[in-house]
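So the number in the numbering used here is just where the residue sits in the sequence shown, counting from 1, plus 13.
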Amino acid sequence: MRVGVIVAAALGACALLAGAAGASHADAPVLTGDVGAGDAYTITLMDASGAAVTHLEPGTYTLVVHDHSTFHNFHFSGPGVDVMSDVDAVGDKTFTVALADGTYFFQCDPHSSQMRGKFTVGTVAATPTPTAPAAPTRLTAAIGAGSKFSLRPAAGLTAGSFAITVSDRTAADGFRLSGPGVVKATGIAFKGNLTWRVTLKAGRYTFGSVRRAALRSALTVGS
Ligand SMILES: [Cu+2]
Numbered sequence: 014m015r016v017g018v019i020v021a022a023a024l025g026a027c028a029l030l031a032g033a034a035g036a037s038h039a040d041a042p043v044l045t046g047d048v049g050a051g052d053a054y055t056i057t058l059m060d061a062s063g064a065a066v067t068h069l070e071p072g073t074y075t076l077v078v079h080d081h082s083t084f085h086n087f088h089f090s091g092p093g094v095d096v097m098s099d100v101d102a103v104g105d106k107t108f109t110v111a112l113a114d115g116t117y118f119f120q121c122d123p124h125s126s127q128m129r130g131k132f133t134v135g136t137v138a139a140t141p142t143p144t145a146p147a148a149p150t151r152l153t154a155a156i157g158a159g160s161k162f163s164l165r166p167a168a169g170l171t172a173g174s175f176a177i178t179v180s181d182r183t184a185a186d187g188f189r190l191s192g193p194g195v196v197k198a199t200g201i202a203f204k205g206n207l208t209w210r211v212t213l214k215a216g217r218y219t220f221g222s223v224r225r226a227a228l229r230s231a232l233t234v235g236s
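Take a look at the structure:
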């Protein structure tokens with residue numbers, strides 16, 4: 014009788030330990046912190062799907078940090094959590110972190126003004142991330158001797174903002190671009206490089222010689 018009671022108590026303790034260990038490791042979603050790849054001043058925190066973390070439910074997570082640089086580090090902090098990789102060291106570190114309602118921060122300590130991010134957990138509402146305006150599509154245009162002109166790329170373009178670098182290598186003609194919402198031309202006597210920032214709409218544009226309409230090509234911009 015006495016022996017039976019002791020065995021039951023020991024089994025119960027084992028089951029409790031196994032349960033706690035399983036909850037904190039095997040089932041924990043993985044978050045991946047990445048800092049300083051190629052010694053760049055970049056820091057990111059991604060969820061298991063590869064998306065930037067903006068909001069999480071409270072719980073236990075496995076934080077895997079990839080620290081690629083000897084002058085950056087990954088420092089993660091917030092309610093109940095304060096873990097980091099070493100600034101001098103390169104390598105991977107894994108932390109088990111319990112996230113509670115609140116705001117969490119990650120940063121590179123030596124460069125915290127520019128290398129930082131944050132996200133919210135639980136009842137704290139996510140702050141909407143402002144979407145950065147898309148970078149303009151870069152095109153290269155040229156006109157040279159004999160009014161020989163080019164625009165690259167001149168196919169597969171879709172409506173949006175463009176930065177067109179124009180190289181006008183002749184004082185006998187200029188480069189012209191026109192179409193919906195845009196009429197741009199370099200001076201005939203002008204020689205040199207300049208950049209036009211334009212918005213191209215879906216439709217048909219022409220580009221080429223300022224002097225001779227016959228020396229122009231069509232450019233179709235898709236929607
Ligand atoms: Cu840094």
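Quick reminder that beta carbons are idealized off the backbone N, C-alpha and C, glycines included. Given the structure is predicted, the values throughout are model-derived calculations rather than measurements.
DSSP three-state assignment for residue i, whether helix, strand or coil
{"i": "S230", "result": "strand"}
{"i": "D47", "result": "strand"}
{"i": "V16", "result": "Any reading at V16 must be qualified, since the residue scores a pLDDT of 43, below 50, and its modelled position is unreliable; the value itself is stated next. V16: helix per DSSP, three-state reduction."}
{"i": "D101", "result": "coil"}
{"i": "F220", "result": "strand"}
{"i": "S160", "result": "helix"}
{"i": "D80", "result": "strand"}
{"i": "D181", "result": "strand"}
{"i": "D122", "result": "helix"}
{"i": "S62", "result": "coil"}
{"i": "T109", "result": "strand"}
{"i": "A155", "result": "strand"}
{"i": "D40", "result": "coil"}
{"i": "F87", "result": "coil"}
{"i": "K197", "result": "strand"}
{"i": "D186", "result": "coil"}
Cβ-based neighbour list, residue i, same chain, cut-off 6 angstroms, excluding 5 preceding and 5 following
{"i": "V96", "result": "F89, F108"}
{"i": "L232", "result": "A167, Y218, F220"}
{"i": "R224", "result": "D186"}
{"i": "G157", "result": "R182, T183"}
{"i": "D52", "result": "S82"}
{"i": "A49", "result": "Residue identity differs from the one stated: residue 49 is Gly in this sequence, not Ala. Hits under 6 angstroms: H81, S82, H85."}
C-beta atoms of residue i and residue j nearer than 8 angstroms
{"i": "V100", "j": "F84", "result": "yes"}
{"i": "S222", "j": "D181", "result": "no"}
{"i": "A198", "j": "F188", "result": "yes"}
{"i": "D67", "j": "A41", "result": "Per the sequence shown, the amino acid found at residue 67 is Thr instead of Asp. No, the Cβ-Cβ distance between T67 and A41 is not below 8 angstroms."}
{"i": "V195", "j": "L207", "result": "no"}
{"i": "V130", "j": "A113", "result": "Sequence check: residue 130 is Gly here, not Val. Their beta carbons are not under 8 angstroms apart, which means G130 does not touch A113 by this criterion."}
{"i": "L76", "j": "A65", "result": "no"}
{"i": "S239", "j": "A154", "result": "Within the shown structure, residues of the chain are numbered from 14 to 236, placing residue 239 beyond reach of any answer."}
{"i": "D80", "j": "V94", "result": "no"}
In DSSP terms, what residue i is bridged to
{"i": "M128", "result": "Answer is none; M128 lacks a bridge partner."}
{"i": "G56", "result": "At residue 56 the sequence reads Ile, which differs from the Gly that was named. DSSP, once it has assigned bridges, lists V48 as partnering I56."}
{"i": "T116", "result": "T133"}
7 angstroms CB neighbourhood of residue i in its chain, flanking five on each side removed
{"i": "A184", "result": "A202, K204"}
{"i": "C148", "result": "The displayed chain sequence assigns Ala, not Cys, to residue 148. Nothing listed; no residue qualifies."}
Contact set for residue i: own chain, Cβ-Cβ below 8 angstroms, skip 5 residues either direction
{"i": "G173", "result": "A147, P149, T150, T212, L213"}
{"i": "S236", "result": "T171, A172, A215"}
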